[in-house]
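Under the working numbering, residues 6 to 695 are what the sequence shown spells out, in order. Glycine included, every Cβ here is placed at the ideal spot set by N, Cα and C. Owing to the predicted nature of the structure, the values given are computational and were not obtained by experimental measurement.
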Amino acid sequence: MARIGVDVGGTNTDLVLECDKGIFFHKVPSTTKDQSIAVVEGVLQICDIAGVAKESVDVIAHGTTVATNITIEHNGAEVGMLTTRGFRDILHIGRHKRPHNFSLHFDVPWQSHPLVKRRNRIAITERILPPTGEVEVELAEAEVREACALFRRRGLRSICIGFMFSFLNSRHERRAREIVLEEIPDAYVSISSEVANVIREYERFSTVAMNAFVGPKSALYLRNLERKVSEAGIAAKLRVIQSNGGIATIDGCVKKPVGILMSGPAGGVLGALAEARLAGIDNILTIDIGGTSADISMVTGGRFRIKNARDTVVSGHAVMAPMIDLETIGAGGGSIAFIDTAGGFNVGPRSAGSEPGPACYGRGGTEPTVTDAQVVLGRMDADKFLGGDLPLDPALSEKAIREKIAEPLGLSVVEAALGIIRVVNNNMALTIRANSVARGYDPRDFSLMPFGGAGPFHGVALAELVAARDVIVPVSPGITAAMGLLGTDLQYEHTRSVITPLFTADQPALDRVNAVIDELSAAGRHELDNDGVAPESRVFEVVAEVRYHGQGFELRVPVIEGRLTRANKSAVIAAFHAMHVADYGYAFDDSLVELYNIRVIATARVPHLALPLVAPGQPDDLDRARLYERPTVFDDGSTHMTPRYDRRKLGIGTRVSGPAILVQHDSTTLLPPGYTAETLAHGSLKITRA
């Protein structure tokens, strides 16, 4: 049997296939108008490359940017909303936060690009009371039907429902959904008690609105992909990676697409973590540099971090969905360099993408990009790009940089190209430092792991800028995100608010918490039952989300025994204090600590991608791997005749001294003078200062 990981980026679609013949890698250009075309073509091509029958593919794990792109481009569904009378404007008010406190000119995304237009937010008479969920005012069903008639006249087919305190009693939301489906049978309906069944009305309403906004197009894409895979004769089960690092079924993602808003970047972190473990490294700074963007994250103690709920914001909108802690900036091989109206030299966030792509692609692009700068500096060999599959035109790169950057600034073409590289490197370094130093972590304790097609070009320069310990280049940097898709487990998360003061919690209070744990665990078991997961392959993790009384947001603390008892509640409190010190630098040991939410994570363990050991290094490895040499300009402006080496021919322990360029099909590693690269046991490269 074979398994395939497919990661769709803005420029290329990356694939990895694992079967009994070994591990195979492949890239195809992304088809931006319909990502599924490139996915299916790539799957068929990699099966041919590996010499395996398409019918033998058991699982396709997919990382997609469909939902993400909808939020960035603001082109989701026009949504209708039903909400409690008197709370129509919560989505507009938000938390009264100013994005930039001292600026007179700023954008408020939830107002300038609302997920639901005000005229489509319809107030319904109903009322649930806290803290018991008692019904004070019954649902006015006639008002729901009137709202549906209005939605029909306006052509709205995506409806979200968010009632106050529905996390305590979801009866009204569920009944309103039944009515909507009676009145508009083809509607895509989202209710907050299923999408985000937690306290905080603004975040809950924003999350269900986002689900309705991205849902129809995401569902269309996923169902279309499912159909095309089937029509191509591929009987594989389709799985989609979620923002939290787990994978889910197509059905699950169609119902709750807010869970895949950060699907694409999550695979890269998982792939990097897997290679770091093979290299025996616990702390890494990951940077995934593709054609359009750079995704930056941090792994500490061998585990990736989950974002605090206060930070789970997508395109300016609060989304209460668990996400791997990472930041995305517009910095990639296709990032366009330009001079703004004030004469400033900028690189990104606008990208040339794959169509037309950088000028050197010869597809009509005329603006200079980071890739064009690499070509001009002699780092990217025009006749060898992607193994020669995509010949580049250096004259077009030179022309674009000369006309758009060099001549307006009075620079040589080489100086302008170096400027492009330095600007984009500093943009990325600032984000890396914000993700590490600003959080109390010292980059000197971390290895920098650059990947993505463009990552290893920038690895050493970024390590210098942030003072990282060393650089670890993965086995196949351009495919690392796809490899991560085969290194994650099937996972479902269920959350419920159950506010309980932990210091004073008596047995009835603990019983209420444990009853919620039982309900959420049963929901997870039901989903794993539907997926046909054997009981012995299941793992349930219980997480308490805890805060100080009156604090704005909570922190995650594991409940090791899976139950909250008088014996272990003190351990939960102590773990929360320790977590608070780690995140904020202090703790209030004598303050009231309260449980806010319970989260149950139901996981099905699946086999992870197993990278083989490479052959031991031989004395003649460098001679066999040497291809040719060409003049290359490095970041300090010096030019050296620089040998190119075939990275695949370097065995364990083989050392390469800079200046050198290590070539492979999916990426290129730049090794400046004064640095040495050593091949590790599973093929990763460790780069250190000589």
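Looking only at C-alpha atoms, which of the options sits nearest to residue i?
i, options, result
"leucine 655", "Asp625, Gly642, Gly679 and Val142", "Asp625"
"alanine 271", "Thr305, Ala281, Phe309 and Val418", "Phe309"
"methionine 267", "Pro621, Val324 and Leu243", "Val324"
"serine 302", "Gln623, Val319, Met328 and Ile426", "Met328"
"alanine 539", "Asp475, Val611 and Ile603", "Val611"
"phenylalanine 210", "Ala279, Pro135 and Ile95", "Ile95"
"alanine 665", "Arg652, Gly658, Asp671 and Ile657", "Arg652"
"valine 548", "Ala527, Gln40 and Ile522", "Ile522"
"phenylalanine 350", "Ala411, Ala299, Asp388 and Val318", "Ala411"
"phenylalanine 30", "Pro513, Asp511, Ala422 and Ile484", "Ile484"
"glycine 337", "Ile252, Arg427 and Ile239", "Arg427"
"glycine 4", "Ala580, Thr505 and Asp536", "What the structure shows of the chain is the stretch from 6 to 695, and residue 4 is not part of that stretch, so it cannot be assessed."
"aspartate 536", "Ile129, Pro513 and Tyr497", "Tyr497"
"tyrosine 366", "Asp345, Lys389 and Glu188", "Lys389"
"arginine 649", "Arg631, Pro636, Val638 and Phe639", "Arg631"
"asparagine 17", "Val44, Ile28 and His101", "Val44"
"arginine 100", "Thr376, Glu206, Asp377 and His585", "Glu206"
"isoleucine 425", "Leu397, Leu382, Tyr446 and Gly464", "Leu382"
"aspartate 19", "Lys26, Phe111 and Val11", "Val11"
"serine 402", "Leu395, Glu420 and Thr374", "Thr374"
In the DSSP assignment, the alpha helix (DSSP H) including residue i goes from what residue to what residue?
i, result
"glutamate 208", "206-236"
"aspartate 534", "512-535"
"threonine 73", "71-78"
"threonine 485", "485-490"
"phenylalanine 156", "146-158"
"glutamate 408", "Here glutamate 408 belongs to no alpha helix (DSSP H), and DSSP marks it neither H nor E."
"glutamate 280", "268-283"
Check this for me: beta carbons of residue i and residue j, under 8 Å apart or not?
i, j, result
"leucine 491", "valine 21", "yes"
"proline 461", "threonine 673", "yes"
"valine 219", "threonine 76", "yes"
"threonine 659", "glycine 622", "yes"
"glycine 642", "glycine 663", "no"
"alanine 82", "alanine 217", "yes"
"valine 64", "lysine 242", "yes"
"tyrosine 553", "phenylalanine 593", "yes"
"serine 356", "threonine 297", "yes"
"leucine 627", "valine 668", "no"
"glycine 458", "glycine 295", "yes"
"alanine 466", "histidine 499", "no"
"glutamate 141", "isoleucine 129", "no"
"asparagine 125", "leucine 161", "yes"
With DSSP run on the structure shown, which of helix, strand or coil describes residue i?
i, result
"glutamine 556", "coil"
"glutamine 50", "helix"
"aspartate 475", "strand"
"valine 203", "coil"
"aspartate 19", "strand"
"valine 586", "helix"
"isoleucine 196", "strand"
"arginine 182", "helix"
"leucine 614", "coil"
"glutamate 546", "strand"
"lysine 654", "helix"
"glycine 353", "strand"
"glycine 167", "strand"
"proline 136", "coil"
"lysine 59", "helix"
"methionine 328", "coil"
"histidine 463", "helix"
"valine 142", "strand"
"methionine 86", "strand"
Along the chain, where does the beta strand (DSSP E) containing residue i start, and where does it finish?
i, result
"histidine 67", "62-68"
"methionine 646", "644-651"
"leucine 416", "That residue, leucine 416, is in no beta strand (DSSP E); it is neither H nor E in DSSP."
"proline 496", "Looking at the sequence itself, residue 496 is glutamine, so the reference to proline does not match. Here the beta strand (DSSP E) through glutamine 496 covers 495-506."
Please report whether the beta-carbon of residue i lies at a distance below 8 Å from any beta-carbon of chain B.
i, result
"glycine 220", "Going by chain labels, chain B is absent from the structure shown, which holds only one protein chain."
Taking 7 Å as the cut-off, is the CB of residue i close to at least one heavy atom of the ligand ZN?
i, result
"cysteine 153", "Ligands displayed in this structure: none; no statement on the ligand ZN is therefore possible."
Below 8 Å, can you find three or more Cβ-Cβ pairs linking the region 86-95 to the region 161-178? yes
Count the C-beta pairs between the region 226-237 and the region 62-76 that are closer than 8 Å, then say yes if the count reaches three, no if not. yes
Looking at C-beta atoms only, is the number of pairs between the region 271-290 and the region 447-459 that lie closer than 8 Å three or more? yes
When the Cβ atoms of the region 45-52 are set against those of the region 104-121, are three or more pairs found closer than 8 Å? no
When the Cβ atoms of the region 462-475 are set against those of the region 429-448, are three or more pairs found closer than 8 Å? yes
Is the region 114-121 touching the region 153-163, taking contact as three or more C-beta pairs under 8 Å? no
Using a Cβ distance threshold of 8 Å, determine whether the region 510-527 contacts the region 595-604, with at least three qualifying pairs required. yes
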